[in-house]
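Everything below concerns the one structure shown next.
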Amino acid sequence: MTAKIISGSEVAKEIREELKQEVADLKERHNLVPGLVTILVGEDPASVSYVTAKQRTSHELGFYSKQDNQPADMAEDELLKLIDQYNSDPKIHGILVQLPLPKHIDEGKILYAIDPRKDVDGFHPVNVGKLMIGEPNYLPCTPAGIQQLLIRSGTKIEGADVVVVGRSNIVGKPIANILLQKREGANATVTVCHTRTREMASYTKRADILIVAAGKPKAITADMVREGAVVIDVGVNRIGKTPEGKAILCGDVDFEGVKEKASAITPVPGGVGPMTITMLMMNTVKAAKLAAGIA
Ligand code: L34
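In terms of my numbering, the numbers along the sequence shown are unbroken and rise by one, the last being 278.
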């Protein structure tokens, strides 16, 4: 079997068109313009590339958007102060602090400081807790994007055996939680594997839906995948550069091998990445509506 390619770029485009319409309506009917600030501390090349894409997309959709670049040696309390300013800025509905942060800054403290109502990443402990009990405010962007990819590609999630590889706070744990919920687009049986899992393949081979966020290039090979599985590759690894200096990307899944076994698979690039950015836009529109009492 050769897998159907689930194009995140195309699904993302479809959702962006819907959002663009909604943003125009909000402007016309309520004079409401969603506002997003993305804060980048330092100049990590991958982070620069992601934040640039977030800014570009928010402009395309007609947001009020602001890129706030800060030096890598910025003090933690300066960053806390900056967040406070945006917490009380009525034009800003969403605040995103791009991760990872430099080592001298305590990530937990920073995520705690963002007003949960403006936490469009869904990383604040209040929002994490709300997701866990099935009353989500904002779904974290990468997992929300994965769920949308599954739904919009017609993948049956209800009752499916979902295996997640990776237990990070930004992908593994929240996607497991989302697909476990008693609601539409979820109701799956979820198993989470990680670096201490014994006989990983015995789990991954069971999966109807295999979600890989291992952070390791080509960690999942064809022999670990069940015939006909739907495979979602969350990894974005920079494995080299072209002669022109462009980054060469690969996922956490051995795409060439696995596509012969899976029934559907997401590519890297053009899979989950563009969805992450689009879900941030969706959350920001929601934040604006909540702030205006429209939602
Ligand atoms: N606060 N930090 C915060 N929120 C997030 O949601 C993120 N994440 C992760 C890293 N740090 C974060 C992102 O935005 C990962 N991530 C992300 C966003 C976009 C893309 C990949 C990861 C993406 O667009 N990837 C493209 C390739 C882009 C490239 O050339 O690098 C793709 O097609 O996969």
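Note that beta-carbon positions come from the ideal geometry of N, C-alpha and C, so glycine has one too.
Remember, it's a predicted structure, so these values are computed and weren't measured experimentally.
{"query": "Beta-carbon separation (whole angstroms), residue 205 vs residue 145, contact threshold 8 Å", "result": "Not a contact, Cβ separation roughly 19 Å."}
{"query": "Continuous alpha helix (DSSP H) assignments of at least 4 residues falling wholly in the region 136 to 176", "result": "155 to 163"}
{"query": "Residue 77 Cβ short of 7 Å to ligand 1 heavy atom set", "result": "no"}
{"query": "Proximity winner among 270, 258, 104, relative to residue 216 (alpha-carbon distances)", "result": "258"}
{"query": "Segment contact, 8 Å Cβ cut-off, at least three pairs: the region 158 to 176 with the region 135 to 149", "result": "yes"}
{"query": "Assigned secondary structure, residue 23 (DSSP; H/G/I helix, E/B strand, else coil)", "result": "strand"}
{"query": "Beta-carbon proximity check, residue 241 vs residue -9, cutoff 8 Å", "result": "no"}
{"query": "Proximity of residue 126 and residue 110 at Cβ, strictly below 8 Å", "result": "no"}
{"query": "Endpoints, beta strand (DSSP E) assigned at residue 231", "result": "230 to 233"}
{"query": "Inter-residue spacing [alpha-carbon to alpha-carbon] between residue 38 and residue 49", "result": "7 Å"}
{"query": "Same chain, Cβ closer than 8 Å to residue 10, five either side skipped, listed in chain order", "result": "16, 45"}
{"query": "N- and C-terminal bounds of the alpha helix (DSSP H) containing residue 91", "result": "90 to 96"}
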